[in-house]
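Using our numbering, the first residue of the sequence shown is number 1, and each one after it goes up by one.
Cβ coordinates follow ideal geometry from the N, Cα and C atoms, glycine included.
First comes the structure, then the notes that go with it.
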Amino acid sequence: MNICSRIVVFILLLVVCFTANAIPPVTRLGITNGLSNNSVRIVYQDQRGFIWLGTYDGLNRYDGNEFRVFRNKLNDSTSLPHNYIYSLHEDVDHNLWVSTGQGVVKYNTTYSNFSALYGYPYQAKQPVKVTINATAIKSDSKGTLYVATNGWGLLVKKRGEQYAWEKLLQAGNTKEARYNVRDVAVTKDKIWLFVSGKGLCVYDEKKDAVLLVNAQVKLANCMQQNKAGQLWIGGEFGLHLYDPLSNTYIKQYTARAGELTTADVVSICFDKQENLWIGTDGGAVNILDPETDTFSYIAAGPETDKVSSEAVYSIIKDKEDRMWIGTIKGGCNVIDEQKNSFRTIANDPLKTNTLSSNFIYTFYEDNTGDILVGTEGGGLSIWNRSANTFRNYRHKNGLSSSISHNIVSSILQDHTGTFWMATYGGGVNRFN
1 MNICSRIVVF ILLLVVCFTA NAIPPVTRLG ITNGLSNNSV RIVYQDQRGF IWLGTYDGLN
61 RYDGNEFRVF RNKLNDSTSL PHNYIYSLHE DVDHNLWVST GQGVVKYNTT YSNFSALYGY
121 PYQAKQPVKV TINATAIKSD SKGTLYVATN GWGLLVKKRG EQYAWEKLLQ AGNTKEARYN
181 VRDVAVTKDK IWLFVSGKGL CVYDEKKDAV LLVNAQVKLA NCMQQNKAGQ LWIGGEFGLH
241 LYDPLSNTYI KQYTARAGEL TTADVVSICF DKQENLWIGT DGGAVNILDP ETDTFSYIAA
301 GPETDKVSSE AVYSIIKDKE DRMWIGTIKG GCNVIDEQKN SFRTIANDPL KTNTLSSNFI
361 YTFYEDNTGD ILVGTEGGGL SIWNRSANTF RNYRHKNGLS SSISHNIVSS ILQDHTGTFW
421 MATYGGGVNR FN
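As structure tokens, then:
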């Protein structure tokens with residue numbers, strides 16, 4: 001076995017803190033990386049870990065290295081019906097549902113093709129293909145699918161059934177069909193939906209109808225439930241917090257100093273600290289800390305700590321707590337807190353006060369807090385972390401007091417404070 005195969009290479013790292021004012025470098029994914037289009041309307045992670053991105057020109061599946069692109073193919077009924085993607089959702093049976101500009105389809109993972117959703121719009125005598133777009137698709141733990149559409153209201157498809165059914169909207173004594181649903185939020189005990197021009201509603205399974213609950217806010221784009229069971233609702237006129245127990249909006253934020261950068265809220269998502277990330281159309285990302293009721297911001301710009309567009313139409317938190325930000329004309333941005341949790345300590349050939357080599361065999365912390373670093377070819381480095389200084393020791397021919405070899409494979413300190421160092425080819429050294 002040669003020496004290279006024996007070496008275990010360590011990277012010496014220093015943990016640093018992440019704050020909202022010092023975000024990690026933003027990774028940008030766009031057409032240069034293989035994304036089909038730089039306008040990303042929806043980002044979604046499936047249960048296998050794939051990231052799906054719906055764009056203005058096709059559906060993309062990202063595995064962390066490369067994209068696979070799905071588009072409409074002429075005269076192919078098993079391809080996407082349209083290349084404009086509105087929404088994505090995976091149900092309890094791991095079916096991925098895709099809403100396009102001309103209908104809703106289900107992705108078949110075995111054959112990598114798509115099949116159309118059929119349903120009964122109001123007063124239809126027979127099922128028809130769903131050919132309109134869905135602004136949101138959600139499902140509950142029982143596998144019932146809820147499809148929010150522009151024009152066919154709420155479509156409900158129960159698990160095991162072949163077709164979806166339009167549910168009438170009931171407001172007072174009137175019932176109506178063909179309304180527009182902007183978003184659906186499935187919670188433990190309710191199916192919430194927001195109907196344009198009407199307000200906040202719920203789907204009542206017993207009455208088999210959509211019931212108007214609160215008409216105070218009539219326009220909204222997105223909803224998220226917090227841990228207290230309240231609903232955050234974002235729309236054209238800002239951000240609202242709805243309390244189901246009192247049936248009132250208890251908080252409202254708009255575009256003004258210390259609040260939103262713009263009133264047009266198009267996406268919201270909680271991070272792992274339960275801060276609310278708010279995607280806006282024109283004001284990039286706003287982050288609300290609900291505990292302190294304060295905002296921080298991520299602006300748009302070419303710098304590495306900014307997002308690539310002011311129009312942020314989708315934000316999700318993945319299974320590793322990364323934040324994925326879908327933008328219009330700026331591709332997808334990824335913020336990984338772990339990337340800012342480490343700083344690499346490396347050799348700088350232009351400096352004398354530096355680590356002696358980037359090939360690290362071992363390191364040891366002494367009782368003063370200094371780090372002794374054994375390298376492969378660079379001898380010994382001693383790093384004083386508080387002063388950020390390095391003392392380097394190399395083998396010198398003819399000098400018996402120098403280290404016997406420049407490959408240091410192990411370091412230990414005994415009870416007297418003396419260091420013992422094993423080298424590769426130079427025996428054991430005692431260092432005082």
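With burial defined as no fewer than 16 other Cβ atoms inside 10 Å of the residue's Cβ, what is the status of residue i: buried or exposed?
i	result
Ser-246	exposed
Lys-272	exposed
Arg-430	exposed
Ser-36	buried
Ser-400	exposed
Val-428	exposed
Ile-11	At Ile-11 the pLDDT is 40, less than 50, meaning the model places this residue with poor confidence and gives no usable figure here.
Glu-166	buried
His-240	buried
Gly-197	exposed
Asn-65	exposed
Arg-48	exposed
Thr-144	buried
Ala-220	buried
Met-421	buried
Pro-244	buried
Arg-405	The sequence shown places His at residue 405, not Arg. With 16 or more Cβ atoms within 10 Å of its Cβ, His-405 is classed as buried.
Thr-100	buried
Ala-164	buried
Ser-87	buried
Val-128	exposed
His-415	exposed
Gln-45	buried
Asn-75	exposed
One question on the structure: do residue i and residue j come within less than 8 Å of each other, judged by their Cβ atoms?
i	j	result
Asp-189	Ala-148	no
Phe-114	Leu-80	yes
Val-334	Gly-379	no
Ile-315	Ile-328	no
Phe-390	Asn-353	yes
Thr-362	Gly-377	no
Gln-102	Thr-131	yes
Val-98	Tyr-111	no
Ala-171	Met-223	no
Thr-262	Thr-248	no
Val-213	Val-202	yes
Arg-159	Lys-142	yes
Ile-85	Thr-109	no
Val-104	Leu-117	yes
Glu-337	Pro-24	yes
Thr-187	Gln-225	yes
Tell me, which residues are paired with residue i by DSSP?
i	result
Tyr-107	Leu-96 and Phe-114
His-89	Trp-97
Gly-238	Gly-235
Val-147	Ile-137 and Leu-155
Tyr-393	Leu-380
Arg-433	Outside the modelled stretch of the chain, which goes from 1 to 432, sits residue 433, for which no answer is possible.
Arg-430	Trp-420
Thr-280	Val-265
Ala-185	Trp-192
Ser-314	Gly-326
Arg-28	Asn-333
Asp-204	Ala-209
Ile-78	A small correction: the amino acid at residue 78 is Thr; Ile does not occupy that position in the sequence shown. Thr-78 is not bridged to any residue.
Glu-166	Leu-155
Ala-255	Leu-260
Gly-374	Thr-362 and Leu-380
Asn-214	Leu-200
Val-128	Gly-119
Tyr-297	Asn-286
Gly-54	Ile-42 and Leu-59
With residue i and residue j assumed to form a contact (beta carbons below 8 Å), what rounded beta-carbon distance in angstroms separates them?
i	j	result
Tyr-122	Ala-209	About 12 Å separates the two Cβ atoms, so there is no contact after all.
Ser-356	Ser-386	Incorrect: roughly 20 Å between the Cβ atoms, too far for contact.
Lys-218	Gly-199	5 Å
His-191	Tyr-146	Here residue 191 is Ile; the residue named in the question, His, does not match the sequence. Contact holds; Cβ gap of about 6 Å.
Val-307	Ala-284	5 Å
Gly-331	Glu-310	Contact doesn't hold; Cβ gap of about 14 Å is too wide.
Lys-317	Phe-270	7 Å
Gly-153	Leu-169	6 Å
Asp-289	Asn-275	5 Å
So with Cβ pairs under 8 Å, would you call residue i a contact of chain D?
i	result
Phe-114	Absent from the structure is chain D; it holds one protein chain and no more.
State whether the region 128 to 138 contacts the region 83 to 91, with contact taken as three or more CB pairs (one from each stretch) at a distance under 8 Å.
yes
I want to know whether the region 40 to 50 touches the region 346 to 362 - three or more CB-CB distances under 8 Å.
no
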